[in-house]
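Trainee: First the structure, which I've put down as structure tokens, then a few questions once you've had a look.
There are 2 protein chains.
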Amino acid sequence: MYEGAIQDLIDALGRLPGVGPKSAQRIAFHILQSDADIAAALVDAIRTVKERVKFCTQCGNVSEETECRICRDPRRDNSQICVVEESKDVIAVERTREFRGKYHVLGGAISPIDGIGPDQLRIKELMSRLSDSAITEVILATDPNLEGEATATYLARLIKPLDIKVSRLASGLPVGGDLEYADEVTLGRAFEGRRNVEN
Amino acid sequence: MYEGAIQDLIDALGRLPGVGPKSAQRIAFHILQSDADIAAALVDAIRTVKERVKFCTQCGNVSEETECRICRDPRRDNSQICVVEESKDVIAVERTREFRGKYHVLGGAISPIDGIGPDQLRIKELMSRLSDSAITEVILATDPNLEGEATATYLARLIKPLDIKVSRLASGLPVGGDLEYADEVTLGRAFEGRRNVEN
Numbered sequence: 001m002y003e004g005a006i007q008d009l010i011d012a013l014g015r016l017p018g019v020g021p022k023s024a025q026r027i028a029f030h031i032l033q034s035d036a037d038i039a040a041a042l043v044d045a046i047r048t049v050k051e052r053v054k055f056c057t058q059c060g061n062v063s064e065e066t067e068c069r070i071c072r073d074p075r076r077d078n079s080q081i082c083v084v085e086e087s088k089d090v091i092a093v094e095r096t097r098e099f100r101g102k103y104h105v106l107g108g109a110i111s112p113i114d115g116i117g118p119d120q121l122r123i124k125e126l127m128s129r130l131s132d133s134a135i136t137e138v139i140l141a142t143d144p145n146l147e148g149e150a151t152a153t154y155l156a157r158l159i160k161p162l163d164i165k166v167s168r169l170a171s172g173l174p175v176g177g178d179l180e181y182a183d184e185v186t187l188g189r190a191f192e193g194r195r196n197v198e199n
Numbered sequence: 001m002y003e004g005a006i007q008d009l010i011d012a013l014g015r016l017p018g019v020g021p022k023s024a025q026r027i028a029f030h031i032l033q034s035d036a037d038i039a040a041a042l043v044d045a046i047r048t049v050k051e052r053v054k055f056c057t058q059c060g061n062v063s064e065e066t067e068c069r070i071c072r073d074p075r076r077d078n079s080q081i082c083v084v085e086e087s088k089d090v091i092a093v094e095r096t097r098e099f100r101g102k103y104h105v106l107g108g109a110i111s112p113i114d115g116i117g118p119d120q121l122r123i124k125e126l127m128s129r130l131s132d133s134a135i136t137e138v139i140l141a142t143d144p145n146l147e148g149e150a151t152a153t154y155l156a157r158l159i160k161p162l163d164i165k166v167s168r169l170a171s172g173l174p175v176g177g178d179l180e181y182a183d184e185v186t187l188g189r190a191f192e193g194r195r196n197v198e199n
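Sequence lines, in order, name chains G and B.
Sequential numbering of the first sequence, starting at 1, is according to the UniProt record's numbering.
Sequential numbering of the second sequence, starting at 1, is according to the UniProt record's numbering.
Right, here's the structure in full:
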């Protein structure tokens with residue numbers, strides 16, 4: 001619809017996840033009309049990420065070094081590994097301050113529909129880390145959806161023979177939520193996983 | 001939350017209009033994980049827009065030349081000018097194929113709250129174009145909201161002494177909509193602007 005360059009930018013932005021044609025147009029005009037240094041900062045940030053950010057050779061988390069900040073940290077507990085799908089999930093778990101062990105980022109979940117099988121994920125790397133005798137517990141923190149559950153089940157079976165404790169994050173009612181708005185699967189899980197009240 | 005470069009990119013993306021922290025994170029990881037040429041295409045598109053795209057000296061629409069495609073087009077009717085707020089509105093009107101005249105892009109609407117008065121808009125440029133005797137009608141196509149209406153009223157008063165026909169786009173029920181879902185102002189306008197049915 002537009003002439004040349006502005007349409008090219010709208011198209012490039014529209015290919016980003018979650019950016020529809022209207023927001024692509026809005027962002028393109030924002031970039032066009034804003035100061036040159038705002039566009040330059042964005043260009044720099046994109047280039048730096050592509051040049052400098054890699055994945056930790058140990059856990060697969062994003063990192064600018066060979067090993068990520070968490071793997072390098074000597075204060076982290078080497079006996080626990082928390083397995084997550086993506087780097088974003090590492091940040092989410094870190095925010096809880098509940099976990100002081102290390103991570104393993106799979107790079108996704110098993111999803112036959114998207115053509116992602118165990119070989120596309122960093123499962124081999126996980127198994128080779130588990131052969132290290134220091135690890136005593138694996139916490140499976142994949143997403144609580146179909147793909148995440150399938151991946152957790154697959155991993156649990158794989159790890160079982162190694163005599164390592166395997167756990168899965170609890171499913172149940174979200175804190176601060178309303179019971180009446182919980183879907184039936186979540187509410188069912190909350191019943192299943194009910195805990196005795198000590199008094 | 002993240003280390004260095006990836007957080008810088010998330011921050012830069014989060015400053016774009018309509019991009020929240022979650023989508024900024026999602027886009028940043030998409031850029032990180034996708035092929036180098038996808039990021040390069042985006043970087044190129046941003047730079048080209050900043051280098052090459054300017055505003056038409058005549059109508060204020062985006063253009064890579066001194067004058068935009070529409071102003072350069074000899075088949076367009078020089079007697080009508082459609083006044084819009086933004087370049088996006090030019091595209092919207094062009095899509096209707098109802099208008100074969102020329103445009104004038106104001107660059108916004110009068111909005112005292114945002115500190116935008118008549119002097120911040122391309123109104124002086126419009127008035128100087130109107131002094132050209134070829135123009136017989138000005139169609140005010142500013143947005144049908146408070147700011148757009150105020151701008152239209154202001155312009156109508158300014159243009160009146162020039163003995164040029166001034167019109168405003170019709171307000172009424174959107175085509176394909178439901179009468180019961182129309183807000184009362186729109187429905188009121190639809191009554192006000194009702195037309196005789198010829199039979």
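Beta carbons: idealized from backbone N, C-alpha and C, even for Gly.
Less than 8 Å between the C-beta atoms of valine 53 (chain G) and isoleucine 6 (chain B), yes or no?
Mentor: Closer than 8 Å, so yes.
Trainee: Using a C-beta to C-beta distance shorter than 7 Å, which residues of chain G count as neighbours of residue 223 (chain B)?
Mentor: Not covered by the structure: residue 223 (chain B). The range shown for chain B is 1 to 199.
Trainee: How long is the line joining the alpha carbons of isoleucine 139 (chain G) and phenylalanine 99 (chain G), rounded to whole angstroms?
Mentor: Isoleucine 139 (chain G) and phenylalanine 99 (chain G): Cα-Cα distance of roughly 10 Å.
Trainee: For isoleucine 38 (chain B) and leucine 13 (chain G), what's the separation of their Cα atoms in angstroms?
Mentor: Each residue's alpha carbon lies about 10 Å from the other.
Trainee: Can you give me the start and stop residues for the alpha helix (DSSP H) that glutamine 33 (chain B) sits inside?
Mentor: Counting along the chain, the alpha helix (DSSP H) containing glutamine 33 (chain B) begins and ends at 21–33.
Trainee: Does isoleucine 10 (chain B) come out as helix, strand or coil in the three-state DSSP assignment?
Mentor: Helix at isoleucine 10 (chain B).
Trainee: Nearest to alanine 134 (chain B) by CA position, among B:Ser63, B:Leu162, B:Val62, is which residue?
Mentor: Residue B:Leu162 is the option with its Cα nearest to alanine 134 (chain B).
Trainee: Once DSSP output is grouped into helix, strand and coil, what is the label at valine 53 (chain G)?
Mentor: Coil, per DSSP.
Trainee: What did DSSP end up calling glutamine 80 (chain B) once you bin it into helix, strand or coil?
Mentor: Three-state result, glutamine 80 (chain B): strand.
Trainee: Please report the straight-line C-alpha distance between glutamate 149 (chain B) and alanine 41 (chain B), rounded to a whole angstrom.
Mentor: Near 40 Å, if we compare the C-alpha coordinates of alanine 41 (chain B) and glutamate 149 (chain B).
Trainee: Select from the UniProt domain "Toprim" (79–174) of chain G all residues with a C-beta closer than 8 Å to any C-beta belonging to chain B, and list them in chain order.
Mentor: Residues passing the 8 Å Cβ filter: Glu86, Ser87, Lys88, Ile91, Glu94, Arg95.
Trainee: Quickly, what does DSSP pair tyrosine 154 (chain G) with across the bridge? List them, please.
Mentor: Beta-bridge pairing links tyrosine 154 (chain G) to no other residue.
Trainee: Would you call the stretch 19–27 of chain B in contact with the stretch 59–74 of chain G, where contact means no fewer than 3 C-beta pairs closer than 8 Å?
Mentor: Cβ pair count under 8 Å is below three, so no.
Trainee: Mind reading off the beta-carbon distance from glycine 193 (chain G) to alanine 170 (chain G)? Whole number of angstroms is fine, and I expect it under 8 Å.
Mentor: Contact flag correct, Cβ pair sits at about 6 Å.
Trainee: Helix, strand or coil for isoleucine 139 (chain G), going by three-state DSSP, please let me know.
Mentor: Three-state result, isoleucine 139 (chain G): strand.
Trainee: Locate the beta strand (DSSP E) running through valine 105 (chain B), then write down its first and last residues.
Mentor: That run of the beta strand (DSSP E) goes 102–105.
Trainee: To the nearest angstrom, report how far apart alanine 109 (chain G) and alanine 109 (chain B) are at their CA atoms.
Mentor: Spanning the two alpha carbons is a distance of roughly 49 Å.
Trainee: Determine the DSSP secondary structure at serine 128 (chain B), reduced to helix, strand or coil.
Mentor: Three-state result, serine 128 (chain B): helix.
Trainee: Check the Cβ-Cβ distances between threonine 57 (chain G) and every residue of chain B, and say whether any is below 8 Å.
Mentor: Cβ-Cβ to chain B under 8 Å: no for threonine 57 (chain G).
Trainee: At least one CB of chain G closer than 8 Å to the CB of glycine 14 (chain B): is that the case?
Mentor: No, glycine 14 (chain B) does not count as interfacial toward chain G.
Trainee: Report yes or no: is there a C-beta of chain G within less than 8 Å of the C-beta of proline 17 (chain B)?
Mentor: True, the Cβ-Cβ gap to chain G drops below 8 Å.
Trainee: Using a Cβ-Cβ cutoff of less than 8 Å, which residues in the same chain neighbour lysine 165 (chain G) once the five nearest sequence positions on both sides are dropped?
Mentor: The answer, listed in chain order, is Thr136, Glu137, Val138.
Trainee: Quick one, which of G:Ala141, G:Thr151, G:Gly172 has its alpha-carbon nearest serine 111 (chain G)'s?
Mentor: Closest option to serine 111 (chain G), Cα to Cα, is G:Thr151.
Trainee: Return the residue from the list B:Tyr154, B:Asp73, B:Tyr181 that minimises the CA-CA distance to leucine 106 (chain B).
Mentor: Among B:Tyr154, B:Asp73, B:Tyr181, the Cα nearest to that of leucine 106 (chain B) belongs to B:Tyr154.
Trainee: Measuring CA to CA, which of B:Cys59, B:Ser63, B:Thr57, B:Gln58 is closest to glutamate 51 (chain B)?
Mentor: Answer by Cα proximity: B:Ser63.
Trainee: Among residues of its own chain, excluding the 5 on either side of valine 93 (chain G), which ones have a beta-carbon nearer than 8 Å to its beta-carbon?
Mentor: Counting only Cβ-Cβ distances below 8 Å, and skipping sequence neighbours, we find Cys82, Val84, Phe99, Tyr103, Ala141.
Trainee: Kindly list the residues whose CB is nearer than 8 Å to the CB of aspartate 77 (chain G), restricted to its own chain and excluding five residues on each side of it in sequence; keep chain order.
Mentor: So the list reads Arg100, Gly101, Lys102, once near-sequence residues are dropped.
Trainee: What's the C-alpha gap between proline 17 (chain B) and isoleucine 10 (chain B)?
Mentor: Each residue's alpha carbon lies about 13 Å from the other.
Trainee: Using a cut-off of 9 Å between C-beta atoms, extract the partners of valine 8 (chain G) located in chain B.
Mentor: Rather than valine, the amino acid found at residue 8 (chain G) in this sequence is aspartate. Near aspartate 8 (chain G) (Cβ distances below 9 Å), the residues of chain B are Ala41, Asp44, Ala45, Thr48, Val49.
Trainee: Determine, using beta carbons only, whether valine 53 (chain B) comes closer than 8 Å to chain G.
Mentor: So yes, valine 53 (chain B) belongs to the interface.
Trainee: By a C-beta neighbour count over all protein chains shown, 10 Å radius and 16 as the cutoff for buried, is glutamine 58 (chain B) buried or exposed?
Mentor: With 16 or more other Cβ atoms within 10 Å, it is buried.
Trainee: Mind reading off the beta-carbon distance from glutamine 60 (chain G) to glutamate 147 (chain G)? Whole number of angstroms is fine, and I expect it under 8 Å.
Mentor: The identity of residue 60 (chain G) in the sequence shown is glycine, whereas the question assumes glutamine. So it is not a contact: roughly 17 Å between Cβ atoms.
Trainee: List the DSSP bridge partners of isoleucine 116 (chain B).
Mentor: Isoleucine 116 (chain B) pairs with B:Ser111.
Trainee: Just list the residues that DSSP pairs serine 167 (chain G) with in beta bridges.
Mentor: Its beta-bridge partners are G:Ile139.
Trainee: For a contact defined as C-beta to C-beta under 9 Å, what are the partners of alanine 36 (chain G) on chain B?
Mentor: In chain order: Lys50.
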